[in-house]
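Here is the structure we will look at, set down as C-alpha cells.
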Amino acid sequence: MSRLRSRPSLVATLVAVVLAVSACGGSQDQSSSGAAPAAPPVDVRAPAPAAGQAEGGTGQGGSGATGQDSGSRSSGDSAKVEVRQADRSIVYTGEMEVRVKDVTVAAEKAKQIVAAAGGRVDSEQSTSYGREGRSSIVFKIPPDRYQAVVAQLGKDLGVRESLSLGTEDVSQQIADVDSRIKSSKSALEQVRKFMAKAKTIGQVLEVEREISTREGDLESLQARQRTLAAQTALGTLTLRLVHVTRPAPAPPKPKPAPPNFLSGLKAGWHALASTTRIALTVFGALLPWLVVLGVLWVAYVAVRRRVPSFLPGPGAARRPVPDAPEEPEEPEAARER
1024 MSRLRSRPSL VATLVAVVLA VSACGGSQDQ SSSGAAPAAP PVDVRAPAPA
1074 AGQAEGGTGQ GGSGATGQDS GSRSSGDSAK VEVRQADRSI VYTGEMEVRV
1124 KDVTVAAEKA KQIVAAAGGR VDSEQSTSYG REGRSSIVFK IPPDRYQAVV
1174 AQLGKDLGVR ESLSLGTEDV SQQIADVDSR IKSSKSALEQ VRKFMAKAKT
1224 IGQVLEVERE ISTREGDLES LQARQRTLAA QTALGTLTLR LVHVTRPAPA
1274 PPKPKPAPPN FLSGLKAGWH ALASTTRIAL TVFGALLPWL VVLGVLWVAY
1324 VAVRRRVPSF LPGPGAARRP VPDAPEEPEE PEAARER
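Read in order, the letters of the sequence shown correspond to residues 1024 to 1360 in the working numbering.
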C-alpha cells in the first residue's frame, strides 16, 4: 500500500518541479529579451539640480540621491548626457564584383589580402569559356577588418563593377539563447535528481523520457548558439572576379581637309569612275540579250532574201489599177468645118 502511495507522490513532485523550473526559465527568457534591446547605456554627468532631468531621460536606473534632487529641479536647467556605444554582436555580409585582367592572378592576390587581415577562404569556384573567365570566392573576414579589406580588394584587384554590403544586429538573439541554455541546464539538473528517487520501472522510464526531452532542447539551443557565434566571429564576403575581352576601340576618323583643286579633281575622277563602272555593269547585263536578238535578226534577213520576188506581197493586192487617160474634146469651130 505504501508503494502505491509513493508512486503518485513522486510523479506529482516531479511534475511540480518541472513546471516550476519551466516557469523560472520563461521568466528569465522574458527578462533577457527585455534587457537585450538596442538601447545603449547612458552615462549621466550633470550638477545636482539637473540630475533629476537626466534621470527622466534614462528611465528607472537612477540613484536615490538623484530621485531626491528631482523635486527641486527647474524646467530651464539642462544636463550633459554622454552616450556610450554598448558592445554589439553584428553579422557582416556582402557581395562584390570586380573586373580584372587575369582572373587567376587576381584570385591569388585577393587570398593574400584576406589572409593578411586574419581571414580565410570558405569556398571557391572558377569557370572559363572562350575569352571570358569567372571566379567566385567566399571569404571569412574578422569584423574589425571587414570594411578595410573590402575597400582594399575593390581598389587593388581591378575595376569594381558592383558592391552590396549588409549588417544584422543579433545581440538580442544571442542574449536570448544564452538565457534559455542556462534555464535548460538548470531544469535538466533538477530532473536528473529524481532518478535516484525513482523506485519502480515506470518512474524510471518517465524520468528518462523527461531527461531525453530536456537534453534534445538543450542540444538544439547549443547548436543555435554555435551558429550565432560563428556568424559574428567572421564576416562573409562573396567576391566575383570577371574577365571579359573587349574589342579595341576604333581609331578616330581624320578631319576632312578643306576643299581645293586637287580635292575637286579627285571627286570628279571618282564620279567618272563610278559612272563608267555602272555603265559597264549595265552593258554586261544587256550583252547576252543583244547577242540573242542579233542572231534572230540575221536569220530573219536571210529568210527574206530567199523568198522569190515575183510573188506578190501582202500589199500588192490592195494597190488600185490606174484608169486610161481621157481624150481631150475638140473645139466647136473645128466641128463646123
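We treat Cβ as the ideally placed atom computed from N, Cα and C, and that holds for glycine.
Taking the Cβ atoms as the reference, Arg1157 lies roughly 7 Å from Val1126, within the contact range of under 8 Å. Here the segment 1171–1181 makes no contact with the segment 1214–1224; the two share fewer than three CB pairs at distances below 8 Å. By the Cβ neighbour-count rule, Phe1162 is buried, with 16 or more other Cβ atoms within 10 Å of its own. Here Gly1258 has Val1114, Tyr1115, Thr1116, Gly1117, Lys1163, Ile1164, Pro1165, Pro1166 and Tyr1169 as same chain residues with Cβ atoms under 8 Å from its own Cβ, once five neighbours each way along the sequence are excluded. Rounded to the nearest angstrom, the gap between the Cα atoms of Val1230 and Gln1248 is 27 Å. Taking C-alpha positions only, His1266 is separated from Ala1273 by approximately 21 Å. Spatial neighbours of Ala1130 in its own chain (CB-CB distance under 8 Å, excluding positions within 5 residues in sequence) are listed in chain order as Glu1147, Ser1149, Ser1158, Ile1160 and Leu1264. Uninterrupted alpha helix (DSSP H) stretches at least 4 residues long and entirely within the segment 1193–1247 occur at 1194–1216, given in chain order.
Of all C-beta pairs linking the segment 1241–1255 to the segment 1183–1199, three or more are shorter than 8 Å, placing the two stretches in contact. Assignment of Gly1189 by DSSP, reduced to helix, strand and coil, places it in the strand class. When the Cα atoms are used, Lys1289 and Ser1297 turn out to be separated by approximately 12 Å. Ser1149 sits in a strand when the DSSP states are folded into three classes. With a beta-carbon spacing of about 5 Å, Ser1185 and Glu1120 fall inside the 8 Å limit used to define contacts.
A straight-line Cα-Cα distance of about 49 Å links Gln1135 and Ile1234. The three-state reading of DSSP puts Arg1111 in coil, since its state is none of H, G, I, E or B. Partner residues in the beta bridge of Glu1155, as assigned by DSSP, are Tyr1152 and Val1267. In this structure, Arg1183 places its C-beta atom within 8 Å of the C-beta atom of Gly1177. Nearest Cα to Glu1155 within the set Lys1124, Phe1306 and Lys1208: Lys1124.
Here Ile1204 is near Leu1244, since their CB atoms are less than 8 Å apart. CA-CA distance, Gly1291 to Asp1179, rounds to 58 Å.
In the three-state DSSP reduction, Val1182 falls in the strand class (E or B). Only residues of its own chain outside the window of five on either side were considered, and among them Val1161, Phe1162, Lys1163 and Thr1259 have a CB closer than 8 Å to the CB of Asp1145, listed in chain order.
In summary, Ala1210 is buried, with 16 or more beta-carbon neighbours lying within 10 Å of its beta-carbon over all protein chains present. Closest by C-alpha distance to Glu1191, out of Pro1275, Ala1294, Val1305 and Arg1111, is Arg1111.
When Ala1256, Val1315 and Lys1220 are compared, the shortest CA-CA separation from Val1193 is found for Ala1256.
Pairing Ser1202 with Arg1237 gives a Cβ-Cβ distance that is not under 8 Å.
Per DSSP, Arg1329 is one residue of the alpha helix (DSSP H) stretching across Phe1284 to Arg1329. For Val1128, the enclosing alpha helix (DSSP H) covers residues Val1126 to Ala1139.
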